[in-house]
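The next block holds one structure in the form of structure tokens; read it before the comments.
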Amino acid sequence: AASMLDHYFALTLRGSDFSTEFRAGTTAFLAAANNFIVNAQIMEHAGVKIVDSVVSGAFCAAVACVFSGLLSNLPLGLV
372 AASMLDHYFA LTLRGSDFST EFRAGTTAFL AAANNFIVNA QIMEHAGVKI
422 VDSVVSGAFC AAVACVFSGL LSNLPLGLV
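As numbered in the working numbering, residues 372 to 450 make up the sequence shown, in order.
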């Protein structure tokens with residue numbers, strides 16, 4: 372599986388590897404995860420449940436990151 376990802380994203384060609392990219396993506400996601408809580412607190416004033424706001428925000432961020440990475444073939448973090 373790692374060689375397929377290396378081939379598709381040209382990780383070795385770009386001087387990287389799967390574990391480095393995985394750690395970088397996880398770090399970027401966790402660094403921006405505070406937005407889920409802050410946005411949920413703001414949306415609570417509009418009547419949206421905090422749990423619903425956090426889950427939908429995390430889901431949308433995950434989908435956006437995956438599609439952005441697959442379609443652009445670049446390491447972009449959209450959170």
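Beta carbons: idealized from backbone N, C-alpha and C, even for Gly.
Every value quoted in this text rests on a predicted model; they were computed, and no experiment measured them.
Notebook entry, point to check: Is there contact between the segment 424-433 and the segment 402-409, where contact requires at least three CB pairs shorter than 8 angstroms?
Noted result: Contact between the segment 424-433 and the segment 402-409 is present, because at least three Cβ pairs lie under 8 angstroms.
Next item on the list: With a 10 Å radius around its C-beta and 16 neighbouring C-beta atoms as the bar for buried, classify Gly-428 as buried or exposed.
Entry: Answer is buried; the Cβ neighbour count reaches 16.
Check: Can you tell me the Cα-Cα spacing of Met-414 and Leu-376, whole angstroms?
Finding: Separation of Met-414 and Leu-376 (C-alpha to C-alpha, rounded to the nearest whole angstrom) is 38 angstroms.
Item checked: Unbroken alpha helix (DSSP H) run spanning Ser-390, endpoints -> Element bounds for Ser-390: 389-403.
Margin query: So for Leu-445, helix, strand or coil by DSSP?
Written below: Correct three-state label for Leu-445: coil.
Next item on the list: Give every residue of the same chain whose Cβ lies closer than 8 angstroms to the Cβ of Asp-423, excluding the five residues on either side of it in the sequence, and list them in chain order.
Entry: Answer for Asp-423: no residue qualifies.
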